[in-house]
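Visitor:
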Amino acid sequence: MENSVLAIIIPCYNEELCVESTVKQLFVVMNNLIAKGKISARSYIYLIDDGSTDSTWDIICNLHKTNHHVKGLKFIRNFGNQKALIAGLDAVREIGCDCCVSIDADLQQDEWAIERFIEKFQHGSDIVSGIRNSRNTDSFWKKATAVLFYKTMNILGANIPMNHSDYRLVSKRALDIMAEYPEKYLFLRGFFNDVGLKTSYVNFDVKPRKAGKSKFNFVSLMGLALNGITSFSIVPLRFITVLGFAMALFGLLVGIETVFEKIFYNNSPNGWSTIILLMCVFGGIQLFCVGILGEYIGQVFKEVKARPRYIKDIELK
Ligand code: UDP
Ligand code: MG
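Quick note: the sequence shown uses the working numbering, first residue 13, plus one each step.
(1) Look at residue 31 and residue 88 and say whether their C-beta atoms are less than 8 Å apart.
(2) Does the Cβ of residue 319 have 16 or more other Cβ atoms within 10 Å, making it buried, or fewer, making it exposed?
(3) Is it the case that the CB of residue 221 approaches a heavy atom of the ligand MG more closely than 7 Å?
(4) For residue 53, name the three-state secondary structure that DSSP assigns.
(5) With a cut-off of 8 Å on the beta carbons, I'd call residue 19 and residue 109 a contact; round off their distance for me.
(6) Under 7 Å: does the beta carbon of residue 25 sit that close to some heavy atom of the ligand UDP?
(7) Is any non-hydrogen atom of the ligand MG found closer than 7 Å to the C-beta of residue 178, if you look at the structure I gave you?
(8) Can you list, in chain order, the residues of its chain with a C-beta nearer than 7 Å to that of residue 84? Leave out the 5 residues immediately preceding and following it.
(9) Looking at the secondary structure, which residues open and close the alpha helix (DSSP H) in which residue 295 lies?
(10) Can the beta-carbon of residue 145 be found closer than 8 Å to that of residue 215?
(11) Going by the CB atoms, is the gap between residue 25 and residue 324 shorter than 8 Å?
(12) How long is the line joining the alpha carbons of residue 316 and residue 276, rounded to whole angstroms?
(13) Going by C-alpha to C-alpha distance, which of 278, 293 and 279 sits closest to residue 285?
(14) Using only the heavy atoms of the ligand UDP, determine whether one of them is closer than 7 Å to the beta carbon of residue 33.
(15) Against chain B, with Cβ distances strictly below 8 Å, would residue 147 count as a contact?
(16) Could you check if residue 311 belongs to the surroundings of the ligand MG, using beta carbon to heavy atom distance under 7 Å?
(17) Run through DSSP, which three-state label would residue 83 get?
(18) Check whether the Cβ of residue 37 lies closer than 7 Å to any heavy atom of the ligand MG, and answer yes or no.
(19) Note down, one range per segment and in chain order, each beta strand (DSSP E) of at least 3 residues found wholly within the region 244-280.
(20) Run the proximity test for residue 62: is its beta-carbon closer than 7 Å to any non-hydrogen atom belonging to the ligand MG?
(21) Using a 10 Å radius around the Cβ and a threshold of 16 neighbouring Cβ atoms, would you call residue 130 buried or exposed?
(22) Quickly, what does DSSP pair residue 23 with across the bridge? List them, please.
(23) So for residue 217, helix, strand or coil by DSSP?
(24) So, are the CB atoms of residue 308 and residue 242 less than 8 Å apart?
(25) Relative to the ligand UDP, is the shortest distance from any of its heavy atoms to the C-beta of residue 298 smaller than 7 Å?
(26) Provide the residue(s) that pair with residue 132 in DSSP beta bridges, ordered along the chain.
(27) DSSP on residue 334, reduced to helix/strand/coil?
(28) At what residues does the alpha helix (DSSP H) containing residue 38 begin and finish?
(29) Report the option in 290, 278, 204 and 38 whose CA atom is closest to the CA atom of residue 126.
(30) Kindly examine the ligand UDP and report whether one of its heavy atoms sits closer than 7 Å to the Cβ of residue 125.
(31) Under a three-way DSSP split, which group does residue 202 fall into?
Next comes the structure, spelled out in C-alpha cells:
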C-alpha cells in the first residue's frame with residue numbers, strides 16, 4: 013500500500029515573526045516521517061493567510077517559490093481562525109490528501125506529536141484529537157473561562173473532551189462528510205466530535221508562543237464560545253421552556269395562596285419587600301431568557317443570509 017499523503021494546515025494572522033521558522037520546523041518533522049516510511053513524499057503544508065496586514069503573505073509566497081510543497085491561500089480580509097481552518101480543510105480536500113493535521117502558526121503545540129497522530133490514523137481512526145497536557149501557558153482568566161466553556165458544552169450534550177484544541181488529524185473521509193454540511197458557522201471542535209467517526213486522542217505538551225502576541229482577546233473568545241454553543245445545541249432553548257413552566261406553576265401556587273388568604277383570613281397586604289424581590293428575580297430571568305433567544309435568532313439570521321464563509325484573494329497551488 014502506498015504511504016498516506018499528509019497535509020498540514022496552518023492558519024496565520026499577522027504571524028511574520030513565526031511563519032518561516034514554523035514551516036521549516038514542520039518540514040523537519042515531515043522529512044523524518046517520510047524517511048521512516050510513515051507518510052508519502054507527496055505530503056505538503058497548506059497555509060491560510062487570514063487577511064494579515066504584515067508581511068506574512070510575502071513570506072508564504074517566498075516559501076512557495078523555493079518549495080512547491082508549500083501551498084496556500086490569502087483571504088481578502090480577516091475572517092477569524094475558524095474560517096481559516098475551514099478554508100484549509102476545504103482546500104486540502106480539493107488538492108488531495110489522505111489525512112490532514114491542523115496546527116497553529118506559533119507552534120505552541122508539540123509538532124512531534126504528529127507522528128502519534130499518524131499512527132492512530134493508520135490504525136483506523138478517522139479523527140485524532142490533540143488534548144493539552146496542561147494549560148500552564150494560558151493566563152488564569154483564559155483557563156477559568158475554558159473550564160466553564162467545556163463544562164457548559166458537555167452539559168448541553170456536545171461531548172468535547174476537556175482541554176481539546178484545534179490541533180487534530182482528520183481523514184479524507186471526515187473531510188468528505190464535512191463538505192456535506194451546508195451551515196456557514198460550523199464549530200469544528202463540536203462537529204468533529206459529533207459526527208460519529210472513529211475518534212482517538214493524543215496528549216501533547218504546550219509550549220509558550222514562539223514570537224508575537226496571541227491573536228485572541230476576551231471578546232473574540234466569547235464570540236467563539238457563544239457561536240460554539242448556539243450553532244451546536246438547542247438545549248438552552250429547552251431549558252427556557254422548562255424554566256418558564258416552573259415559574260408559571262410557582263406563580264399559580266402563590267396566586268392561589270394569596271386569594272385563599274384574602275377570602276378566609278382577610279389579611280391586608282404587607283409584602284412590599286417580597287414584591288420587589290420577586291420583580292427583580294423575575295425581571296432578571298426574563299431578560300436572560302430573551303438574551304438566549306436573541307443569540308439563536310442571531311444565529312438563524314446569519315445562516316439565512318447564507319453569505320460565503322470566506323472570500324479568497326489569491327491562491328498558490
Ligand atoms: N489566527 C487566525 N485568525 C485570527 C486569529 C488567529 O488565523 O483572526 C491564527 C493564528 O495565526 C494562530 C492560530 O490562529 O496560528 C491561533 O492563534 P493564537 O496563537 O494567537 O491563539 P492562542 O494560542 O493564544 O489561543
Ligand atoms: Mg498560540
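Built from N, CA and C at the ideal position, the CB exists for glycine as well. Owing to the predicted nature of the structure, the values given are computational and were not obtained by experimental measurement.
Guide: Checking against the coordinates, here is how it stands:
(1) no
(2) exposed
(3) yes
(4) coil
(5) 4 Å
(6) yes
(7) no
(8) 58, 59, 60, 61, 72, 76 and 328
(9) 284-317
(10) yes
(11) no
(12) 57 Å
(13) 293
(14) No, the ligand UDP has no heavy atom inside 7 Å of this Cβ.
(15) Absent from the structure: chain B. Only one protein chain is present.
(16) For residue 311, the shortest C-beta to heavy atom distance toward the ligand MG is 7 Å or greater.
(17) Looking at residue 83 - three-state DSSP - the assignment turns out to be strand.
(18) no
(19) none
(20) no
(21) buried
(22) Per DSSP, 60.
(23) Look at residue 217 here: in three-state DSSP terms it is coil, with no helix or strand label.
(24) yes
(25) no
(26) DSSP lists no partner for residue 132.
(27) Lying outside 13 to 329, the shown extent of the chain, residue 334 is not represented and no answer is given.
(28) Segment 31-47, the alpha helix (DSSP H) holding residue 38.
(29) Comparing Cα-Cα distances from residue 126 to each of 290, 278, 204 and 38, the minimum goes to 38.
(30) No, the beta carbon of residue 125 sits no closer than 7 Å to any heavy atom of the ligand UDP.
(31) helix
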